[in-house]
Amino acid sequence: MKPYIFDAHEDLAYNMLTFRRDYTHAALDTRLLEAGGLPPTVNGDTLLGYPDYVRGNVAVVFGTLFAGPRRRSEGDWDFLSYRDENEAHRSYRAEVDAYARLVDEHPHMFRSIRTRADLARLMADIDHAAEGAAPVGLVMLMEGAEGVRSISELDEWWELGVRIIGPAWAGTRFCGGTGEPGPLTKQGRELLAGMADRGFVLDISHMDEAAALQALDLYPGQIIASHANPHEMVKRRVSNRFLPDEVVDRLLERDGVIGIVPFNRFLNDGWEKTDPKEKVSLRTVAAHMDYICQRAGDARHVAIGSDFDGGYGVRSVPAEVDTIADLQLLCPILAEMGYTENDVAAIMGGNWRSKLEASLPES
Numbered sequence: 000m001k002p003y004i005f006d007a008h009e010d011l012a013y014n015m016l017t018f019r020r021d022y023t024h025a026a027l028d029t030r031l032l033e034a035g036g037l038p039p040t041v042n043g044d045t046l047l048g049y050p051d052y053v054r055g056n057v058a059v060v061f062g063t064l065f066a067g068p069r070r071r072s073e074g075d076w077d078f079l080s081y082r083d084e085n086e087a088h089r090s091y092r093a094e095v096d097a098y099a100r101l102v103d104e105h106p107h108m109f110r111s112i113r114t115r116a117d118l119a120r121l122m123a124d125i126d127h128a129a130e131g132a133a134p135v136g137l138v139m140l141m142e143g144a145e146g147v148r149s150i151s152e153l154d155e156w157w158e159l160g161v162r163i164i165g166p167a168w169a170g171t172r173f174c175g176g177t178g179e180p181g182p183l184t185k186q187g188r189e190l191l192a193g194m195a196d197r198g199f200v201l202d203i204s205h206m207d208e209a210a211a212l213q214a215l216d217l218y219p220g221q222i223i224a225s226h227a228n229p230h231e232m233v234k235r236r237v238s239n240r241f242l243p244d245e246v247v248d249r250l251l252e253r254d255g256v257i258g259i260v261p262f263n264r265f266l267n268d269g270w271e272k273t274d275p276k277e278k279v280s281l282r283t284v285a286a287h288m289d290y291i292c293q294r295a296g297d298a299r300h301v302a303i304g305s306d307f308d309g310g311y312g313v314r315s316v317p318a319e320v321d322t323i324a325d326l327q328l329l330c331p332i333l334a335e336m337g338y339t340e341n342d343v344a345a346i347m348g349g350n351w352r353s354k355l356e357a358s359l360p361e362s
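The sequence shown maps to residues 0 to 362 in numbering that gives the first Met the number 0.
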C-alpha cells in the first residue's frame with residue numbers, strides 16, 4: 000500500500016481567489032481550461048486537484064494564507080497584494096473564507112483540521128473508506144504575518160482555525176525575509192511571545208538566517224520549516240531563501256521537521272526556468288532529503304513541503320512529476336538508498352502527522 004502523503008505547503012486559497020482555480024477538478028482538466036490564459040503564464044500550470052490527491056494517497060495538506068506586499072507584486076492581477084497590515088488582514092480573511100467555502104461545499108473532498116480529534120477522525124475515515132471516498136484534511140498556515148494587526152488579534156486567527164504562522168515571506172515588520180535580510184524586530188519578538196502563549200507552531204521558512212536563529216533561541220513552542228531546502232545542496236544560489244547548516248542543525252536540535260520543495264530551481268543550482276524539466280529528477284529530491292537525514296542521524300526530521308501552485312508549475316518540477324500523485328515515485332528511490340519501509344512512510348507523511356499530533360489542541 001502507498002504511504003500517506005502529508006504536504007506541508009500548498010497555496011490553494013491564493014489560487015482559488017486570484018485565478019478561480021477549482022481544486023475539485025483534476026490538474027489536467029484545470030490545465031486544459033486555463034491553457035493560454037493568465038494563470039499558467041504568471042503562476043505555472045497546476046499540479047493539484049482532488050482526483051490527483053486521491054491517486055497519490057494524499058491525506059493532509061497545509062493550506063496557506065498568503066498575500067505578498069505590493070512592492071513585490073508582479074502585476075495588477077495580484078489584487079490580494081497589500082500596502083499595509085489592514086489590506087493584508089482583508090486578504091488573509093478572504094482566504095480563510097475561501098477554505099471555509101471549499102470545505103462546506105465539498106465535505107466529501109476536503110475537511111478542516113483544527114484539533115488532534117479532527118486529525119484522528121480523518122485518518123480513521125481514510126483507513127476505512129473505499130478507494131477515492133475519503134476527504135483531504137486542510138490545516139491552515141499563515142505565510143507572512145502582516146495580516147496580524149495586533150498581538151491580541153492572534154486569538155481571532157486561532158478561532159478561525161490557523162494553527163501555524165510563518166512571520167516572513169519577504170521582509171515584514173516582524174523580521175527579515177526572502178531577499179530582504181534582517182533580524183527579529185521588537186514587534187517580531189512580541190509576535191513570537193503571543194504565538195507561544197496560544198500554542199501556534201512557528202514556521203521559519205522564508206525567515207532571514209539572523210531572524211531564524213534568534214527565533215530558534217527564543218521560541219518555546221513547536222518549530223518547523225514547512226518548505227525550505229538546505230543551502231549546502233545549492234551552494235551557487237546566493238539567497239537567504241535556503242537553510243544554512245547552522246539553521247538546519249539548530250532546527251534538528253529543536254526536534255523540528257523540514258519540508259523539501261521539489262522545485263527544480265531549489266534542487267539544482269544550475270537549473271533555470273528556460274531549461275527543460277528533464278534536467279532534474281526525483282533522485283535530487285531524495286538527495287536533499289537524505290542530506291537532512293544524515294545530519295539528523297535518522298529519518299524523523301524531513302518531509303514534503305511542495306509549495307505547489309506557489310509561483311511555479313508542472314514545467315518546473317522533476318522529470319517524473321506531472322501532478323502531486325507522482326511524489327509517490329520517491330518511495331522506491333528512498334528504498335534503493337537504504338531507507339526502511341517505516342522510514343519512507345515517515346518521510347512521506349508520518350513526520351508531519353507526528354508534528355501535528357504533538358502541536359494541535361486535543362479538541
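Cβ atoms here follow ideal geometry from the backbone N, Cα and C, with glycine treated the same way.
Run of the alpha helix (DSSP H) containing residue i, from where it starts to where it stops
i	result
L140	Premise fails: L140 lies in the beta strand (DSSP E), 135-142, not in any alpha helix (DSSP H).
A210	208-217
H205	H205 -> no alpha helix (DSSP H), and no H or E assigned at all.
A116	115-127
T63	Counting along the chain, T63 falls outside any alpha helix (DSSP H), though it belongs to the beta strand (DSSP E) covering 57-65.
H287	281-295
E245	244-252
A324	From DSSP, A324 is part of no alpha helix (DSSP H); its letter is neither H nor E.
N267	No alpha helix (DSSP H) contains N267, which DSSP labels as neither H nor E.
E33	26-33
D308	Looking at the DSSP string, D308 is not in any alpha helix (DSSP H), and its letter there is neither H nor E.
Same chain only: Cβ atoms within 8 Å of residue i, ignoring 5 sequence neighbours per side
i	result
E319	S280, L281, D325, L328
R110	V102, D117, L121, P134, V135, G136, L137
E84	E145, G146, V147, R148, R172
R197	L153, D154, W157
Proximity of residue i and residue j at Cβ, strictly below 9 Å
i	j	result
M347	F5	yes
V237	I203	no
A12	L64	yes
H205	A169	yes
S358	R162	yes
G181	A227	no
G143	G165	yes
V343	A298	yes
G296	H8	no
Simplified DSSP state of residue i, which is helix, strand or coil
i	result
S149	coil
I112	coil
A302	strand
G349	helix
Y81	strand
G187	helix
G181	coil
L46	coil
P331	helix
A87	helix
V237	coil
L359	coil
V316	coil
G176	strand
Extent of the continuous beta strand (DSSP E) to which residue i belongs
i	result
V41	Premise fails: V41 lies in the alpha helix (DSSP H), 37-42, not in any beta strand (DSSP E).
R162	161-165
A7	4-9
I257	257-259
Close-in-space but distant-in-sequence residues of the same chain around residue i (CB under 6 Å, 5 per side omitted)
i	result
A211	I203, V246
M15	A97
R240	T177
R113	G160
R264	W270
V59	F5, G136
Neighbourhood of residue i by C-beta, 7 Å cutoff - its chain only, sequence neighbours within 5 removed
i	result
L215	I222, R249, L250, R253
D51	A25, A26, T322, I323, A324
A285	L329, I332, L333, M336
S80	A66, G67, P68, R69, S72
E361	T114, R115, A116
Where residue i falls, given that 16 or more other Cβ within 10 Å makes a residue buried
i	result
M0	exposed
S149	exposed
L201	buried
L101	buried
T339	exposed
G74	exposed
R82	exposed
F78	exposed
T29	buried
Neighbour flag for residue i against chain C, beta carbons, 9 Å
i	result
R162	Structure shown: chain C not included; a single protein chain is present.
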